[in-house]
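K.L.:
Residue numbers (the numbering used here): 1 to 158.
Ideal Cβ positions, reconstructed from N, Cα and C, are used throughout, including at glycine.
#1: Mind reading off the beta-carbon distance from residue 139 to residue 115? Whole number of angstroms is fine, and I expect it under 8 Å.
#2: Quick one, which of 109, 113, 57 has its alpha-carbon nearest residue 93's?
#3: The alpha helix (DSSP H) spanning residue 136 covers which residue range?
#4: Might you give, ordered along the chain, the residues of its own chain that have their beta carbon closer than 8 Å to the beta carbon of residue 32, omitting 5 neighbours on each side?
#5: Just to confirm before moving on: does the CB-CB distance between residue 70 and residue 56 stay below 8 Å?
#6: DSSP state of residue 13, grouped into three classes?
#7: Under 8 Å between the Cβ atoms of residue 15 and residue 126?
#8: In chain order, which continuous runs of the alpha helix (DSSP H) of length 4 or greater are located wholly inside the stretch 32–75?
#9: Apart from the five residues just before and just after residue 82, which ones in its own chain have a Cβ nearer than 6 Å to its Cβ?
#10: Would you identify the three-state DSSP class for residue 122, choosing helix, strand or coil?
#11: Helix, strand or coil for residue 25 per DSSP?
#12: Less than 7 Å between C-beta atoms, sequence neighbours within five positions excluded: which residues of the same chain meet that for residue 129?
#13: Confirm, please, whether the CB-CB distance from residue 22 to residue 110 is below 8 Å.
See below:
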């Protein structure tokens, strides 16, 4: 009793695990390799969410935006580059596995597998790997931040 509980952090971690399980079939803490990946991924996503909500002088004075006085744009580009590398690693790992093997192991298809199969079957597909990564970024950022924020506010109001 009397201990502080980080509801936002717990909700963020839980929703991130659910979203990543849906997207590429594994939660971020299923094995040691993905656990290390998961820790880095959580840190990057948390930093991006903080940057999105941070006050920026350029938002109030757009003429100053090209100077990036607070370094927000530079930091955001660094974080997005890290996310891009993580997504690229996950996609390359999945592309190196034969589709039959991944279905037999899991018994179900995830979003990444469906998109890659569609891309491979239909050579005229307009999906690029960059578009898949952008879609995943939207899903992860939207699915984790809004859920954890809602849970945190709900608990605060109780």
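P.N.:
On the basis of the coordinates in this document:
#1: For the purposes of this step, residue 139 is taken as the residue at position 139 of the chain shown. For the purposes of this step, residue 115 is taken as the residue at position 115 of the chain shown. Residue 139 to residue 115, Cβ: 12 Å. No contact.
#2: Position 93 of the chain shown, counting from 1, holds the residue named residue 93. When only C-alpha atoms are compared, the closest one is 113.
#3: Mapped onto the chain shown, residue 136 falls at position 136. Unbroken alpha helix (DSSP H) run through residue 136: 129–157.
#4: Sequence index remark: in the chain shown, residue 32 carries index 32 (1-based). Low local confidence applies: a pLDDT of 48 at residue 32 is under 50, so the model's placement there is unreliable, with the coordinate-based value given in what follows. Around residue 32: no qualifying Cβ.
#5: To locate residue 70, count along the chain shown from 1; it is residue 70. To locate residue 56, count along the chain shown from 1; it is residue 56. Yes, the pair counts as a contact, with Cβ atoms nearer than the cut-off.
#6: Position 13 of the chain shown, counted from the first residue, corresponds to residue 13. Note: residue 13 maps to helix in three-state DSSP.
#7: Sequence index remark: in the chain shown, residue 15 carries index 15 (1-based). Sequence index remark: in the chain shown, residue 126 carries index 126 (1-based). In this structure, residue 15 keeps its C-beta atom at 8 Å or more from the C-beta atom of residue 126.
#8: Whole alpha helix (DSSP H) segments, 4+ residues: 32–53, 57–60.
#9: The residue given as residue 82 occupies position 82 in the chain shown. A distance below 6 Å between beta-carbons, with the five flanking residues on each side excluded, links residue 82 to the following residues of its chain, in chain order: 44.
#10: The residue you call residue 122 lines up with position 122 of the chain shown. Coil.
#11: The sequence position of residue 25 within the chain shown is 25, counting from 1. Looking at residue 25 - three-state DSSP - the assignment turns out to be coil, as it is neither helix nor strand.
#12: Translated into positions along the chain shown, residue 129 becomes position 129. Result list for residue 129: 91, in chain order.
#13: Here residue 110 corresponds to residue number 110 of the chain shown, with the count starting at 1. Here residue 22 corresponds to residue number 22 of the chain shown, with the count starting at 1. Remark: C-beta atoms of residue 110 and residue 22 approach each other more closely than 8 Å.
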